[in-house]
Amino acid sequence: QVHLVESGGGLVQPGGSLRLSCAASGSIVSINAMGWYRQAPGKQRDMVATITNGGYTNYADSVKGRFTISRDNRRNTVYLQMNSLKFEDTAVYYCNYATQLVNSWGQGTQVTVSS
Numbered sequence: 057q058v059h060l061v062e063s064g065g066g067l068v069q070p071g072g073s074l075r076l077s078c079a080a081s082g083s084i085v086s087i088n089a090m091g092w093y094r095q096a097p098g099k100q101r102d103m104v105a106t107i108t109n110g111g112y113t114n115y116a117d118s119v120k121g122r123f124t125i126s127r128d129n130r131r132n133t134v135y136l137q138m139n140s141l142k143f144e145d146t147a148v149y150y151c152n153y154a155t156q157l158v159n160s161w162g163q164g165t166q167v168t169v170s171s
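Using the working numbering, you'd call the opening residue of the sequence shown number 57 and step up by one each time.
1. Between the Cα of residue 131 and the Cα atoms of 97, 98 and 81, which residue gives the shortest distance?
2. Closest to residue 162 by C-alpha separation, out of 94, 116 and 98, would be which residue?
3. Rounded to whole angstroms, what is the Cα-Cα separation between residue 126 and residue 137?
4. With three or more beta-carbon pairs closer than 8 Å as the criterion, would you say the stretch 61-74 touches the stretch 100-116?
5. Which residues bound the beta strand (DSSP E) around residue 123?
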């Protein structure tokens, strides 16, 4: 079992920045992918960004050039640096850890972009 704890959400004005963190603990295996997904009210949960243990990244088109995902394999932690935030980035952001056998989710952290 893998336990994920997210932090770093909050309220920010348009154009501002936030950094999300997610620490994984438990039965971690070296080959995995970690990532961030988000879900706005009334909408489905969508991929924001993912990163493999080897550093390969993938981004949703809507965040390319504004968000950066990174990870620290020694700390089993993944980060999401969010810059130039827009109203439409408002959502609950969920951390994900995935292997061939396991797919775990964090509890979510709220990001609200408002003036």
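Note that the Cβ used here is the ideal one computed from N, Cα and C, for glycine as well.
The structure presented is a predicted model; accordingly, all values stated were derived computationally and were not measured.
Short version:
1. Closest option to residue 131, Cα to Cα, is 81.
2. With distances taken between Cα atoms, residue 162 lies closest to 94.
3. Spanning the two alpha carbons is a distance of roughly 8 Å.
4. No, because fewer than three Cβ pairs between the stretch 61-74 and the stretch 100-116 fall closer than 8 Å, the two stretches do not touch.
5. Its beta strand (DSSP E) spans residues 123-128.
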